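Letter by letter, the sequence shown follows residues -19 to -1, 1 to 266 in mature numbering (1 follows the signal peptide of the UniProt record, and there is no 0).
Positions of the beta carbon are idealized from the N, C-alpha and C atoms, including for glycine.
Note that the structure is a prediction, hence the values are computed from the model and not measured.
Worksheet: the structure to be examined is printed underneath.
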Amino acid sequence: MYMVLSLWCALYWVSKVGSLLQVLYPSALKELESHGGAACGQQWFRDLIAVSPFPRCEHLANVNTLLREHLDKASEVNSALKKDVEKLTVDWMRAREELELKESEWRSERGVGISYLRGERNRLLSLWRQVVTFRRHFLDMKTATDRDLSELKAEQMRLSGSVLVNCSRLNSGVQLWEPVSLGRPVLKDQAQQQGDLEKKELQDRVTELSALLVQSQKQNEEKEKTMKTLNDTVEILVYVGRNILESLGLRLISTTMLLRLGALQRGAALPCPPFAYSILRKQVC
């Protein structure tokens, strides 16, 4: 195609030059024909080729070839870039699907974590209510035990006073009967028997009161030990409950912060549950 175009341009240029020569120099052409100047015609043709646009066309052909080579290289680069773009598009779609899958898994895990933390919170609150109820019952029992001990001590003091009064009366009665019994042996024997009987009754009463006192002291010691054990148990339960609630509050706060951070990274704001901070603000009664 290039050669045909070049040949056509050359013929067109030769015809134009010939027509111009016929118009401008008709006598020179006739002289050239009359002398039969074949050599001159050849020289003239070489001069014509020298001034012809063939060199320019050849330069343009070289430029065209170079441009075509660059175009081929650009086409290859474009094809490679197109393949890279397609590969990147596929990778991006895959990464997007993985991100959506991970986001759905994260949402499900967040729901499970929130439900688990709520269950743990409810369980610990129930345990804390049981501890508070147990402590209240313990305080009521302690109050009742203190009241019973006070009544028992008062009864013990009253019985001790009664024993002392009866003993003093017995001694005074014996002293009064001694002068009278000097002249009356029969009355003396009766008084002695009655005094022995009263003394025996008083001794039995004292023995009974002593046994009751020892038993009450043992009961008091047992009650004091029980109260001390219950008090230690309540303190341990209160301490454990406080630590559990504090650890639960810290876990709730840390988990909530992680969830909020993940939500912020995904462009969403996750509200902080109010019970995460209310647990830490609870004061142990």
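Query: Beta-carbon proximity of residue 112 to residue 211, cut-off 9 Å; Result: no
Query: Length of the line joining the Cα atoms of residue 62 and residue 70; Result: 12 Å
Query: Inter-residue Cα distance where the pair is residue 195 and residue 175; Result: 30 Å
Query: Exposure label - residue 215; buried when at least 16 CB within 10 Å; Result: buried
Query: Segment contact, 8 Å Cβ cut-off, at least three pairs: the stretch 186 to 205 with the stretch 130 to 143; Result: yes
Query: Environment of residue 99 [buried if 16+ CB atoms lie within 10 Å]; Result: exposed
Query: Burial state of residue 117 (16 or more Cβ within 10 Å); Result: exposed
Query: Any chain D beta carbon closer than 9 Å to residue 50; Result: No chain D is part of this structure, which consists of one protein chain only.
Query: Nearest-angstrom Cα separation, counted from residue 82 out to residue 58; Result: 36 Å
Query: Nearest-angstrom Cα separation, counted from residue 177 out to residue 199; Result: 32 Å
Query: Beta-carbon proximity check, residue 225 vs residue 105, cutoff 9 Å; Result: yes
Query: Beta-carbon proximity check, residue 204 vs residue 130, cutoff 9 Å; Result: yes
Query: Backbone CA spacing between residue 51 and residue 68 [nearest angstrom]; Result: 25 Å
Query: Cβ-Cβ distance between residue 208 and residue 114 below 9 Å; Result: no
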